[in-house]
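Q: For the sequence shown, our numbering begins at 21 and goes up steadily by one. Glycine included, each C-beta is placed from N, C-alpha and C at the ideal position.
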Amino acid sequence: MISLAFFATLVNYLDRQALSVAAPILRIQFHMSSIGYSRVLFAFMLAYTIMNGASGLLIDRLGTKLGYGLFVAWWSLCDLLQVFARGAGSLGVFRFLIGMGEAGNWPGAVKVVAEWFPPEERSLASGIFNSGSAAGAILAPPLIAGLVLRFGWRSAFIAVGTLGFVWVIAWAAIYRSPAQKIDVLAPPAPPLRALLRSRFVWTFTVSKVFIDPVWYFYTFWFPQYLFQARHFGLASIGRYAWIPFFVAGLGSLGGGFIAKGFLLARMPVSAARKAAVTVAAAMMAMAIPAVLVQSSALSIAFVSVAMAGYTAALANMLAMPADVFPAVGVASVYGLASMGSGFGGMVFALVTGWLVDRYSYVPVFWLFGLIPLICVSILWALMGRLEPDSNFLKEPITSPV
21 MISLAFFATL VNYLDRQALS VAAPILRIQF HMSSIGYSRV LFAFMLAYTI
71 MNGASGLLID RLGTKLGYGL FVAWWSLCDL LQVFARGAGS LGVFRFLIGM
121 GEAGNWPGAV KVVAEWFPPE ERSLASGIFN SGSAAGAILA PPLIAGLVLR
171 FGWRSAFIAV GTLGFVWVIA WAAIYRSPAQ KIDVLAPPAP PLRALLRSRF
221 VWTFTVSKVF IDPVWYFYTF WFPQYLFQAR HFGLASIGRY AWIPFFVAGL
271 GSLGGGFIAK GFLLARMPVS AARKAAVTVA AAMMAMAIPA VLVQSSALSI
321 AFVSVAMAGY TAALANMLAM PADVFPAVGV ASVYGLASMG SGFGGMVFAL
371 VTGWLVDRYS YVPVFWLFGL IPLICVSILW ALMGRLEPDS NFLKEPITSP
421 V
C-alpha cells in the first residue's frame with residue numbers, strides 16, 4: 021500500500037520537474053524573465069495553497085481510495101492540457117489547474133500512512149512514500165531533457181500525464197482499507213472549526229512556511245541555477261541535475277532512521293521527532309557554501325546535502341499529525357497545514373525571481389540555508405508536546421476479522 025503512495029509522489033515530482041527541466045527552452049520560446057518564470061510558479065503555488073485547505077477535508081470525507089484517486093486523475097488530465105500553452109499566461113493557467121490537483125497528494129499519502137502503520141513506524145513509512153519525490157526528480161532530468169531534445173517540450177507533459185492515468189488504474193484495482201481490522205463506532209472526521217482552534221494545527225502550519233519553500237526552490241530553480249550561474253546546457257542538466265535528488269531520496273529514509281535512533285535511546289516521541297528535524301535543518305544550511313564555491317561539482321555536492329536535510333526533516337514532519345489526531349482526521353490536518361507550505365512557496369517564489377534578476381543566486385542560497393532554523397525554533401518553542409489531543413475522539417475501537 022505504501023508503494024502506491026510512493027509511485028503517486030514519484031509521478032507528482034516528474035510533473036514538477038518536467039516544467040523546471042524544460043524551463044530553459046520554454047523561457048526562450050515564451051520570452052520569460054526570471055520574474056516572469058516566478059509568476060508561473062506563483063500561479064501553481066496559489067492554487068496549491070487554496071486547495072490544500074480543501075483537499076484533506078475532501079479525502080477524509082470521500083475516503084482514501086476515491087479521494088486520493090480523484091486528485092491524481094485531475095492533475096494528470098491537466099498535465100496533458102499543457103500541450104496547448106502558447107505563452108507565459110496560458111502556461112500559468114495550466115500550472116494553476118495542476119496545482120489544484122497536486123494539493124491532494126500529501127494529505128492522501130499521509131492518510132495511507134495513518135491507516136496502515138502504528139506510531140513507531142510512521143516516520144519511516146512517511147520517508148518511504150516521500151522518497152518518491154526524490155525518485156521522480158532523479159528520473160526527470162535525463163528523461164525530460166531527452167524527450168525535449170528529441171521530440172519537443174510538449175512530449176514531456178504528455179508522458180507525465182499518461183503515467184498519472186496508469187497510476188489511477190492501478191490504485192483503483194489495488195488499494196483497500198487494512199484487512200486485519202474493522203472499525204467499530206468509527207468517529208467522524210474532526211470538524212473544521214475544532215481543527216482551526218488546535219494549537220498544533222496553527223504552529224505546524226506556520227512552521228511549514230519556513231521549510232517547504234526550500235524544496236520548492238530546488239525543484240523549480242535548480243536546473244535554472246545550473247543553466248544561468250554554472251553555464252550548463254540542457255544535455256548537461258540532464259546528466260547532472262538528478263544527483264542531489266538521488267541523495268535527497270536517501271535523506272527521506274535517513275530521517276526515519278534518525279528518529280528511530282532517538283526513540284531507541286528512550287527519547288519521547290515528541291522530542292525525537294523535533295530533534296531529528298533539528299539535525300536535518302543543520303544539513304540544510306549547506307546551501308550557503310554551495311553558491312560560494314568555484315567548483316560546480318562541489319556546489320552540487322553541497323546542494324545534495326542540503327536537499328537530503330530537507331527530506332529527512334519532512335519524513336518526521338509528515339508523521340506529526342498522526343501523533344496528535346486520529347487517522348480519520350489526519351488528511352484534513354495535513355491539508356490545512358500545507359496551506360502554510362503553499363503560502364511560503366508563493367512568497368518565496370516571487371522573492372527568488374526578484375533576487376535573481378536584481379542581484380544573483382548568492383542571496384537566494386543564503387535565504388534558503390537559514391530559514392529552516394525558523395521552522396525548528398517554532399517546533400521547539402511553540403508547538404508543545406506531540407501527544408493525542410484530548411479534545412478529539414480517539415482512534416476507532418477495532419477488533420480482529
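Looking only at its own chain, which residues have a Cβ that is under 6 Å from the Cβ of ILE118, when we skip the five neighbours before and after it?
A: Same-chain partners within the cutoff: TRP95, CYS98.
Q: For ALA279 and VAL132, which I take to be in contact (beta-carbon distance under 8 Å), what is that distance rounded to the nearest angstrom?
A: The pair is not a contact, with the Cβ atoms about 19 Å apart (cut-off 8 Å).
Q: Is it buried or exposed, PHE104, if we count other Cβ atoms within 10 angstroms and call 16 or more buried?
A: PHE104 comes out exposed.
Q: Going by the beta-carbon positions, is the gap between VAL297 and ASN336 smaller than 8 Å?
A: In contact: VAL297 and ASN336 (Cβ atoms closer than 8 Å).
Q: Which residue marks the beginning of the alpha helix (DSSP H) containing ARG250, and which one marks its end?
A: Element bounds for ARG250: n/a, residue is neither H nor E.
Q: With H, G and I counted as helix, E and B as strand and the rest as coil, what does DSSP make of PHE230?
A: In the structure shown, PHE230 sits in coil (DSSP, three-state: anything other than H, G, I, E or B).
Q: Using the C-alpha atoms, what's the distance from ALA268 back to SER23?
A: About 18 Å.
Q: Exposed or buried, what is SER143 when buried is set at 16 or more other beta-carbons lying within 10 Å of its beta-carbon?
A: Label assigned to SER143: buried.
Q: Taking DSSP as the reference, what is the three-state secondary structure of LYS201?
A: The predicted position of LYS201 is uncertain, since its pLDDT is 48 and thus under 50; no value can be drawn from it.
Q: So what does DSSP say about VAL344, is it helix, strand or coil?
A: The answer is helix: DSSP assigns VAL344 an H, G or I state.
Q: Can you look up GLN314 in the DSSP assignment and give me helix, strand or coil?
A: If DSSP states are grouped into helix, strand and coil, GLN314 belongs with coil.
Q: Grab me the residues of GLY147's own chain with a C-beta within less than 6 Å of its C-beta, minus the 5 sequence neighbours each way, in chain order.
A: Here the set comprises SER272, LEU273, GLY275, GLY276, ALA335.
Q: Check MET65 in the structure and name its three-state DSSP category.
A: DSSP places MET65 in helix when its eight states are reduced to three.
Q: In the region 104 to 161, which residue ranges form an unbroken alpha helix (DSSP H) of at least 4 residues, counting only runs that do not cross its ends?
A: As far as the region 104 to 161 is concerned, its whole alpha helix (DSSP H) runs of at least 4 residues are 108 to 122, 125 to 136.
Q: Measuring CA to CA, which of PHE220, SER319, ALA321 is closest to MET403?
A: The residue with the shortest Cα to Cα distance from MET403 is PHE220.
Q: Could you compute how far the alpha carbon of ARG196 sits from the alpha carbon of MET359?
A: Their backbone Cα atoms lie some 28 Å apart in a straight line.
Q: Between the alpha carbons of ILE158 and MET366, how many angstroms are there, rounded?
A: Cα-Cα distance, rounded: 24 Å.
Q: Is the region 182 to 192 touching the region 303 to 321 in the sense that three or more CB pairs, one from each, lie closer than 8 Å?
A: No, the region 303 to 321 does not touch the region 182 to 192.
Q: For TRP400, is the classification buried or exposed, using 16 other Cβ atoms within 10 angstroms of its Cβ as the cut-off for buried?
A: By the neighbour-count rule (16 or more Cβ atoms within 10 Å), TRP400 is not buried but exposed.
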